[in-house]
């Protein structure tokens, strides 16, 4: 079988998305994801399809309970598993970008009609969401829509001011090592989302790069932080270019050991980086996209798909590949993995990736529960049995609610086996969490010191869900 070409992948993705405008798993149209069809239509030259689809998307503009104009469903329909800012930011970005790149096929009347439809969306909703949203990726997603709207329809210094604030806030909220936190400083401190995330790291970078470019803003002020976040992204890859989910705080999304579902954002971020390792990583990212695209859509991993999101999201996000210069040549000539040897030495994170092994040390210990938080610090699974019963996580009931909701969602969509697996795994974890077994890999790394031939690590063993072993500190030497 000949290798998958870029255009062939896009054509198959279009067929898949057009056939699944209404998601069979969630029984709703994922408007934000579907909007990215416009990027595919633009790249493939299917301009009339794009024009017609824009008219359809504009019919989905509704009033939110706050009397703001948004794209339905957002979070107005909980089965959408998304937010108003994501659906609205994505839709406005995709529409404005398509119009901008194909301005000659729109009459002045058509152009003004689209502008009139989007103007209240931008000025009643996105100006606030892109500035105020607390979850970083959501706020920046809104910013992509506002930036694209500004470029195509209405340049306004207010939009640039919002971009400056939103981007600076993202970097302020990131860790000292350059990792973005999923939900910085949440109002509800009991929900452990304030940690790093493999799935979202690259889209933060991509949204910032894209918004700055579209708004015509200089990247000079942000270059240091952007490259720092790229270095952090590189620390999340295994040797073969897949993401290490031991570094993911939104664990309920994944029942797999790795993911490539976010690789389109990775590719965009890496393609716009000056990091010396970025091109190697980009090649492997494209290889893994190619390797995981079959049956017409992108798979998050190899094996049964029990991961939470549906392939509509992952496949639609391939649209970000079309925004990369010379992507077709890059993709079509990528047919093998390149050696990826990378060492990251941060204050909280150390990783050393090569062909023989991957060393990970994560000092960023935080509260967790069976569905949320980072469980594994990367160290060995050596365990101790002690007469100290672990505490039940104070957010355990939050996990119960999540598992019930996610299992019901799977069951409602006909994914019975996924529902059974989620419930069964949670049942087992609920029993295991009470066993007085304390592991090095679940403990709190107090400190690590990188020397020429080894890393010295001090760690307090812990239970999987956050109980630390009292007054016990273990020193481990890891050879490099």
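Numbering (the working numbering), first residue to last: 3 to 482.
Where a beta carbon is used, it is the ideal one built from N, C-alpha and C, also for glycine.
Note that the structure is predicted; figures quoted are calculated from it, not measured.
- Note that the C-beta distance between residue 287 and residue 363 is not below 7 Å.
- Per DSSP, reduced to three states, the secondary structure at residue 246 is strand.
- For residue 202, the enclosing alpha helix (DSSP H) has its first and last residue at 200–217.
- In this structure, the CA atom of residue 186 is about 43 Å from the CA atom of residue 106.
- The continuous alpha helix (DSSP H) containing residue 409 extends over residues 398–414.
- The way I'd put it, the region 414–421 doesn't touch the region 380–395; fewer than three beta-carbon pairs between them come closer than 8 Å.
- At a Cβ-Cβ threshold of 7 Å, residue 122 and residue 368 do not count as neighbours.
- Counting along the chain, the unbroken beta strand (DSSP E) around residue 362 starts and ends at 360–364.
- Excluding its 5 nearest sequence neighbours in each direction, residue 384 has C-beta neighbours in its own chain below 6 Å: 442, listed in chain order.
- In this structure, residue 251 lies near residue 375, with their beta-carbon atoms less than 7 Å apart.
- Collapsing the DSSP output to three states places residue 116 in a helix.
- With respect to residue 138, residue 165 sits apart: the two C-beta atoms are not nearer than 7 Å.
- In the displayed model, residue 73 falls within a strand according to three-state DSSP.
- When the Cα atoms are used, residue 425 and residue 257 turn out to be separated by approximately 12 Å.
- Per DSSP, reduced to three states, the secondary structure at residue 111 is helical.
- Straight-line spacing of the CA atoms in residue 214 and residue 477 works out to 45 Å.
- DSSP lists no bridge partner for residue 342.
- Residue 278 is classed as exposed because its beta carbon has fewer than 16 other beta carbons within 10 Å across all chains shown.
- Per DSSP, reduced to three states, the secondary structure at residue 335 is coil, with no helix or strand assignment.
- A contact is defined here as three or more CB-CB pairs under 8 Å, and the region 195–209 meets this definition with respect to the region 230–244.
- Distances from the CA of residue 237 to each of 351, 210, 445, 84 were compared; the closest alpha carbon is that of 351.
- Remark: C-beta atoms of residue 72 and residue 151 do not approach each other more closely than 7 Å.
- Runs of the beta strand (DSSP E) lying entirely within the region 16–98, each at least 3 residues long, are 63–65, 71–73 in chain order.
- A distance of 7 Å or more separates the beta carbons of residue 131 and residue 216.
- In the three-state reduction of the DSSP assignment, residue 330 falls in the helix class, which pools H, G and I.
- With 16 or more other CB atoms across the displayed protein chains lying within 10 angstroms of its CB, residue 322 is buried.
- Burial state of residue 118 is exposed, judged by a 10 Å Cβ sphere holding fewer than 16 other Cβ atoms.
- 7 Å or more divides the Cβ of residue 290 from the Cβ of residue 343.
- Out of 81, 11, 160, 356, the CA that lies nearest to the CA of residue 129 is found in 160.
- Per DSSP, residue 136 lies in no alpha helix (DSSP H) segment and is marked neither H nor E.
- A check of alpha carbon separations from residue 273 across 226, 284, 101 identifies 284 as the nearest.
- For residue 376, there is no enclosing alpha helix (DSSP H), as DSSP marks it with neither H nor E.
- Note on residue 387: under 16 other CB atoms within 10 angstroms of its CB, so exposed under the neighbour-count rule.
- Residue 5 is classed as exposed because its beta carbon has fewer than 16 other beta carbons within 10 Å across all chains shown.
- Within the region 141–196, complete alpha helix (DSSP H) segments of at least 4 residues are found at 159–175, given in chain order.
- Comparing alpha carbon positions, the residue from 292, 325, 308, 314 closest to residue 335 is 292.
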